[in-house]
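S.K.:
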Amino acid sequence: MAGSRSATPVVLAVAITGSVPRKADNPAVPVTVAEQIESTHQAFEAGATLAHIHVRNHDESPSSDPEKFAAVQEGLRKHCSGMIVQFSTGGRGRDPAARGLSLKHRPDMASLSTGSVNFPTIVYENPASLVTDLASQMKQHGVRPEIEIFDLSHLHGAKRLVEAGLIDARPHVQFVMGVQNAMPAEEHLLDILLTETRRILPEATWTAAGIGRNQAVVMEWALARGADAVRTGLEDNIRLTKDRLAASNAELVGLAADKVRSHGRRVATPAEARAALGLA
Ligand code: ZN
Numbered sequence: 004m005a006g007s008r009s010a011t012p013v014v015l016a017v018a019i020t021g022s023v024p025r026k027a028d029n030p031a032v033p034v035t036v037a038e039q040i041e042s043t044h045q046a047f048e049a050g051a052t053l054a055h056i057h058v059r060n061h062d063e064s065p066s067s068d069p070e071k072f073a074a075v076q077e078g079l080r081k082h083c084s085g086m087i088v089q090f091s092t093g094g095r096g097r098d099p100a101a102r103g104l105s106l107k108h109r110p111d112m113a114s115l116s117t118g119s120v121n122f123p124t125i126v127y128e129n130p131a132s133l134v135t136d137l138a139s140q141m142k143q144h145g146v147r148p149e150i151e152i153f154d155l156s157h158l159h160g161a162k163r164l165v166e167a168g169l170i171d172a173r174p175h176v177q178f179v180m181g182v183q184n185a186m187p188a189e190e191h192l193l194d195i196l197l198t199e200t201r202r203i204l205p206e207a208t209w210t211a212a213g214i215g216r217n218q219a220v221v222m223e224w225a226l227a228r229g230a231d232a233v234r235t236g237l238e239d240n241i242r243l244t245k246d247r248l249a250a251s252n253a254e255l256v257g258l259a260a261d262k263v264r265s266h267g268r269r270v271a272t273p274a275e276a277r278a279a280l281g282l283a
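Residue numbers (our numbering): 4 to 283.
1) For ligand 1, any of its heavy atoms closer than 6 Å to the Cβ of residue 64?
2) Compute every distance between the C-beta of residue 93 and the non-hydrogen atoms of ligand 1, then say whether any falls below 6 Å.
3) Please confirm whether any heavy atom of ligand 1 lies closer than 6 Å to the CB of residue 238.
4) Within 8 Å, do at least three Cβ pairs link the stretch 114-127 to the stretch 139-157?
5) In this structure, what does DSSP give as the bridge partners for residue 180?
6) Could you check whether residue 29 and residue 241 sit closer than 7 Å to each other, using their CB atoms as the reference points?
7) Which term fits residue 160, buried or exposed, when burial requires 16 or more other beta carbons within 10 angstroms of its beta carbon?
8) For my contact list, residue 21 and residue 238 are in at a C-beta cut-off of 8 Å; report their separation, rounded to the angstrom.
9) Using CA atoms only, rank isn't needed, just tell me which of 56, 68, 157, 248 is closest to residue 98.
10) Given this structure, state the Cα-to-Cα distance separating residue 5 from residue 13, to the nearest angstrom.
11) Considering Cα atoms alone, identify which of 247, 42, 73 is closest to residue 17.
12) Cutting at 6 Å between CB atoms, please list the residues of its own chain near residue 178, excluding the five before and the five after it.
13) Using a 10 Å radius around the Cβ and a threshold of 16 neighbouring Cβ atoms, would you call residue 126 buried or exposed?
14) Check residue 156 in the structure and name its three-state DSSP category.
15) Would you kindly work out how many angstroms separate the C-alpha atoms of residue 283 and residue 220, rounded to a whole number?
16) Could you please give the first and the last residue of the uninterrupted beta strand (DSSP E) stretch that includes residue 243?
17) Compute the Euclidean distance between the alpha carbons of residue 40 and residue 54, then round it to the nearest angstrom.
18) Could you tell me whether the Cβ atoms of residue 75 and residue 66 are closer together than 7 Å?
19) According to the neighbour-count rule (16 or more other Cβ atoms, all chains shown, within 10 Å of its Cβ), is residue 198 buried or exposed?
20) Out of 266, 227, 173, state which residue places its alpha-carbon closest to the alpha-carbon of residue 202.
21) If you run the structure through DSSP and keep just helix, strand and coil, what is residue 207?
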């Protein structure tokens, strides 16, 4: 078993830009389209094969402009051959009705939250009707969802979408741990989530993201449990230590690649990443 597991490559995902405004304390976060393409290209060279994308307005607030998403995608397809492009349909600071506008540009994947949750200063609202609508749009445009699990009930939200025929029986799920006011980053909670995933979505592939200072430890827990993918990037965490900022997305990807190898596994190539996540 150990041999077959060790031979299994790990998809390395990079979340290059989140929704939090760029301030003096996180200058490395790429914000313009050109910065995003450059930062992702460096991360790709360091081993990342999946890019999770948010775009920003001129004032750096979160944007839903589908043409900005398309411009980033075009740059990545040109400079990062085979890399999986994943658009965020996340809601922070965005009009709910606009969250699916970018899907018409048919990225490989898009994030899909299947329930609501408290965030540090807001409620991240994902009413059932919006979840169904976004899942329907993804199906219509041939976009594979990554299901974001901020709470146990969100797994059951994914199961309902499978039963409704809106997503297939082999979804890719991501457990998000360590968001303030949401699910804490605790190892036994990952076991609970995995046990429930295997019970109700037995064919699912999975990954886990630790937010802020939890990034490295959640990655350790995920790799120790045979995760199909791991996620890093400046959206989730801008610090290497309490006193040192990450210089770039590529630096975080390099550290994640080291961690993958320290577990006797290797970083997936773009073709392997696509095969692992059910993409052409
Ligand atoms: Zn995101």
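C-beta atoms are modelled at their ideal positions from N, C-alpha and C, and glycine is treated no differently. Being a predicted model, the structure only gives us computed values, none of them experimental.
M.R.: The relevant details are as follows:
1) In this structure, the C-beta of residue 64 stays at least 6 Å away from each heavy atom of ligand 1.
2) Indeed, a heavy atom of ligand 1 lies less than 6 Å from the Cβ.
3) Yes, Cβ of residue 238 sits closer than 6 Å to a heavy atom of ligand 1.
4) Contact holds between the stretch 139-157 and the stretch 114-127, because three or more Cβ pairs, one in each stretch, are under 8 Å apart.
5) DSSP lists 213 as partners of residue 180.
6) With contacts defined by Cβ atoms closer than 7 Å, residue 241 and residue 29 form a contacting pair.
7) By the Cβ-count criterion, residue 160 is buried, with 16 or more other Cβ atoms from all chains shown falling within 10 Å of its own Cβ.
8) So it is a contact: roughly 3 Å between Cβ atoms.
9) Comparing Cα positions, the closest option is 68.
10) For residue 5, the pLDDT reaches just 43, beneath the cut-off of 50, and the residue's location in the model is therefore unreliable, although a value from the coordinates is still provided. Between the C-alpha atoms of residue 5 and residue 13 there is a straight-line separation of about 15 Å.
11) Distance check between residue 17 and each of 247, 42, 73 places 42 closest, using alpha-carbon atoms only.
12) Apart from sequence neighbours up to five positions away, the residues of its chain that approach residue 178 with a beta-carbon distance below 6 Å are 152, 196, 211, ordered along the chain.
13) Counting every other CB atom within 10 Å of its CB across the protein chains shown gives residue 126 a total below 16, marking it as exposed.
14) Here residue 156 sits in helix by DSSP.
15) So the alpha carbons of these two residues sit roughly 32 Å apart.
16) Annotation: the continuous beta strand (DSSP E) that includes residue 243 extends over 242-244.
17) Approximately 10 Å between the Cα atoms of the pair.
18) Pairing residue 75 with residue 66 gives a Cβ-Cβ distance that is not under 7 Å.
19) So residue 198 ends up on the exposed side.
20) For residue 202, the closest of 266, 227, 173 by C-alpha to C-alpha distance is 173.
21) Taken through DSSP and simplified to helix, strand or coil, residue 207 comes out as coil.
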